[in-house]
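Engineer: First, the structure itself, so that you have it in front of you.
Numbering (this note's numbering), first residue to last: 35 to 115.
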């Protein structure tokens, strides 16, 4: 049985690095079949407190995977594992 992987992008509107990260995530998730979601750091006090200096932050299945820049090869490996 193959487990569905989920990538979460934590960012905010108007963030250029978030836009770049989103493009990478969408492309890799389409290739791998993983699901993805996006959360606005301004709408969640806990996420803001935890990640405000690191956005964009990428989680894989709820665990922090990357921040600032997303390496597509590294993300593919994480989703394959």
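Note that the Cβ used here is the ideal one computed from N, Cα and C, for glycine as well.
1) Figure out for me which residue from 47, 42 and 48 has the closest Cα to the Cα of residue 60.
2) Tell me whether residue 112 is buried or exposed, calling it buried when 16 or more other Cβ atoms sit within 10 Å of its Cβ.
3) Taking the continuous alpha helix (DSSP H) assigned at residue 53, which residues delimit it?
4) Could you name each continuous beta strand (DSSP E) segment of 3 residues or more that falls completely within the region 66-102, going from the start of the chain to the end?
5) Could you check whether residue 91 and residue 85 sit closer than 9 Å to each other, using their CB atoms as the reference points?
Structural biologist: Let me lay it out:
1) For the purposes of this step, residue 60 is taken as residue 26 along the chain shown, with counting starting at 1. Considering only alpha carbons, the answer is 42.
2) For the purposes of this step, residue 112 is taken as residue 78 along the chain shown, with counting starting at 1. Taking all protein chains shown into account, residue 112 has 16 or more neighbouring C-beta atoms within 10 Å of its C-beta and is therefore buried.
3) Mapped onto the chain shown, residue 53 falls at position 19. If you look at residue 53, you'll find it in the alpha helix (DSSP H) that goes 50-66.
4) Within the region 66-102, the complete beta strand (DSSP E) runs of at least 3 residues fall at 69-74, 91-94 and 97-101.
5) Within the chain shown, residue 85 is the residue found at index 51, counting from 1. Within the chain shown, residue 91 is the residue found at index 57, counting from 1. In this structure, residue 91 lies closer than 9 Å to residue 85 by Cβ.
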